[in-house]
Amino acid sequence: MSKLKYVEPAPIKDKSNPFESMMSRFNIAAEKLGLDDETYEVLKSPAKQVHVSLPITMDNGKKKVFEGYRVIHSNILGPSKGGVRFDPHVNIDEVKALAAWMTWKCAVVDIPYGGAKGGIKCNPRELSDGEKERLTRAYTLSLIDVFGKDKDIPAPDMGTSAKEMGWMMDEYSKTEGKTEAAMVTGKPLVLGGSLGRVEATGRGVMTTALKALEKISLTPTKASCVVQGFGNVGSHAALLLAERGVKVKAISDLSGAYWNDEGIDIQKAMKYTESNGRSLEGFSDGEKITNAELLSAKVDVLIPAAMEDAITIENAGSIQAQLIVEGANGPTSAEADTIIKDKGILVVPDILANAGGVTVSYFEWVQNRLGYKWELDRVQRRSERILGEAFDKVFNTMLAYGVSMRIAAYIVAIDKVAQTMKYRGGF
Ligand code: GLU
């Protein structure tokens, strides 16, 4: 056998099992809520887990097999919904956790979806467009019986974008013999994507951050923030917050962190990454600092918008921000929650803060089913209202139960799913 070119990435240090991390919060919320044992048992187990092998012809003519996953955590509230991630670290525990987070996320913002997540273990930066297309089509074909506009609806996530969603829609439509725009969201506009979907997650981070700033009596124009991760979520959140007067003092990506005390010019940084292979490497509008320095910077708001477990027991103690708004899914490990709570930091949890993406995905699905296109203003007004209402509900639940905003968000979500289960019956 020839030597494999693909090098297994080194495991991330200090990374706790994300599914356990999700479960430990779920357990606290379930107890506070007085959830009965039967419901607990149902909600803790994913409804379906699919593991596929995807043989692809690479550009060099050789075959390579990739591993793919789709986990449906729940379809109690409706068809399951959740992104597909292309990343070298994809594994079943991560996908299971992310699928469960989608259930709670959709329930928090009260949209009629269950939760799912998918992923392919690959490094999208090392794949050509042709290889990515073949991989996406193979993944779609192997999950043809799982996907469907009334069953399970994929969307973009880390390492994927509108382009992959277009390929999924095309492959699915060809196989089914009819155009099925509503089977996937986050599509290119010309294929039935929604206006406002690309920036929707970042916009939701901005909306919830502004609501939280109000709660801690900080005026946006007097507030400063740092953003970890400059992908789709981080860059749009940074841009929109900067437009509202928040001084974004640092941004970061895999190449490092960049600090400018006067505020980074986010538009310039976005243009820079666009023409620099989506990387901030070499960005000269800020002084280079480490990721650890960014996390512990003396600013008002910290926005982790990169990956799971960015904030752990190792670094939580050094955080100086008064507010954390979680743009990423699961950026804080369960153990770090206590440290952060003891420090009196307010955390707008992931399942609320980054729910703007799936909310506009829902609007895209609605538009596809209606065969009608909404104007941007309608998309933005409606998602702002949904996120605002969800924020207030979670904040009031936090006060009522005397818990963190994270546990309050789980309480709201679990309660909604449990109530739905009760009325659906059948167990
Ligand atoms: N991947 C995004 C998330 O984690 C969006 C999911 C969707 O729109 O279905 O929320």
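If you want our numbering, it's the 1-based position in the sequence shown plus 610. All residues carry an ideal CB built from backbone N, CA and C; glycine is no exception. Since the model is a prediction, treat every value here as computed from it, not as a measurement.
{"Query": "Beta-carbon separation (whole angstroms), ALA551 vs LEU753, contact threshold 8 Å", "Result": "Given that the chain is displayed from residue 611 to residue 1037, the structure contains no residue 551 and the question cannot be resolved."}
{"Query": "Three or more C-beta pairs below 8 Å linking the stretch 799-812 and the stretch 830-848", "Result": "yes"}
{"Query": "Any non-hydrogen atom of the ligand GLU closer than 8 Å to ILE899 Cβ", "Result": "no"}
{"Query": "beta-carbon ILE682 near the ligand GLU non-hydrogen atom, thresh 8 Å", "Result": "no"}
{"Query": "Spatial distance of PHE636 from SER738 (CA atoms)", "Result": "40 Å"}
{"Query": "Neighbourhood of LYS727 by C-beta, 7 Å cutoff - its chain only, sequence neighbours within 5 removed", "Result": "VAL681, GLY692, GLY693, VAL705, LEU708, ALA709, MET712"}
{"Query": "Rounded straight-line distance, which links the Cα of LYS1032 to that of VAL617", "Result": "Because the pLDDT of VAL617 is 37, which lies under 50, any placement of that residue in the model is unreliable, and the question is left without a value."}
{"Query": "Close Cβ partners of ALA867 (< 6 Å) along its chain, the five nearest in sequence each way excluded", "Result": "ALA860, ILE899, ASN901, LEU904"}
{"Query": "Integer-rounded CB distance, given that ALA926 should sit under 8 Å from ILE1039", "Result": "Since the first and last residues shown for the chain are 611 and 1037, residue 1039 lies out of range."}
{"Query": "For ALA860, three-class secondary structure by DSSP", "Result": "strand"}
{"Query": "Element boundaries [beta strand (DSSP E), containing ALA867]", "Result": "866-869"}
{"Query": "Segments assigned alpha helix (DSSP H), at least 4 residues, entirely inside the stretch 780-868", "Result": "810-825, 842-853"}
{"Query": "Simplified DSSP assignment, three categories, for LYS672", "Result": "coil"}
{"Query": "With 16 other Cβ atoms within 10 Å as the buried cut-off, status of THR817", "Result": "buried"}
{"Query": "Span of the alpha helix (DSSP H), counted from its first residue to its last, around LYS983", "Result": "Careful: LYS983 lies outside any alpha helix (DSSP H) and carries neither H nor E."}
{"Query": "Rounded C-alpha distance that separates VAL989 from PHE973", "Result": "7 Å"}
{"Query": "C-alpha gap between PHE1001 and GLU994, whole angstroms", "Result": "10 Å"}
{"Query": "Residue burial classification, ALA1010 (beta-carbon count within 10 angstroms, cutoff 16)", "Result": "exposed"}
{"Query": "Integer Cβ distance of GLY984 from LEU805, believed to fall under 8 Å", "Result": "According to the sequence displayed, residue 984 carries Trp and not Gly. 7 Å between Cβ atoms; contact."}
{"Query": "Cutoff 6 Å; reference GLY1035; Cβ partners in own chain excluding five residues on either side", "Result": "none"}
{"Query": "Residue span of the beta strand (DSSP E) that contains ARG695, given as start and end", "Result": "690-697"}
{"Query": "Rounded straight-line distance, which links the Cα of LEU645 to that of TYR982", "Result": "41 Å"}
{"Query": "CB of GLU924 within 9 Å of CB of ASN939, strictly", "Result": "no"}
{"Query": "C-beta contact flag for LEU849 and ILE876 at 9 Å", "Result": "yes"}
{"Query": "Secondary structure, alpha helix (DSSP H): runs of 4+ residues fully inside the stretch 900-961", "Result": "901-905, 944-952"}
{"Query": "Touch test, the stretch 768-777 against the stretch 791-805, Cβ-Cβ under 8 Å, three pairs minimum", "Result": "yes"}
{"Query": "Identity of the residues DSSP links to PRO764 by a beta bridge", "Result": "GLY692"}
{"Query": "Counted within 10 angstroms of its Cβ, other Cβ atoms place GLY729 as buried (16 or more) or exposed", "Result": "buried"}
{"Query": "First through last residue of the alpha helix (DSSP H) which encompasses ILE1021", "Result": "1015-1034"}
{"Query": "Near the ligand GLU: PRO764 beta-carbon under 8 Å from a heavy atom", "Result": "yes"}
{"Query": "Any C-beta of chain B under 9 Å from that of ALA915", "Result": "This model lacks chain B altogether; it includes just one protein chain."}
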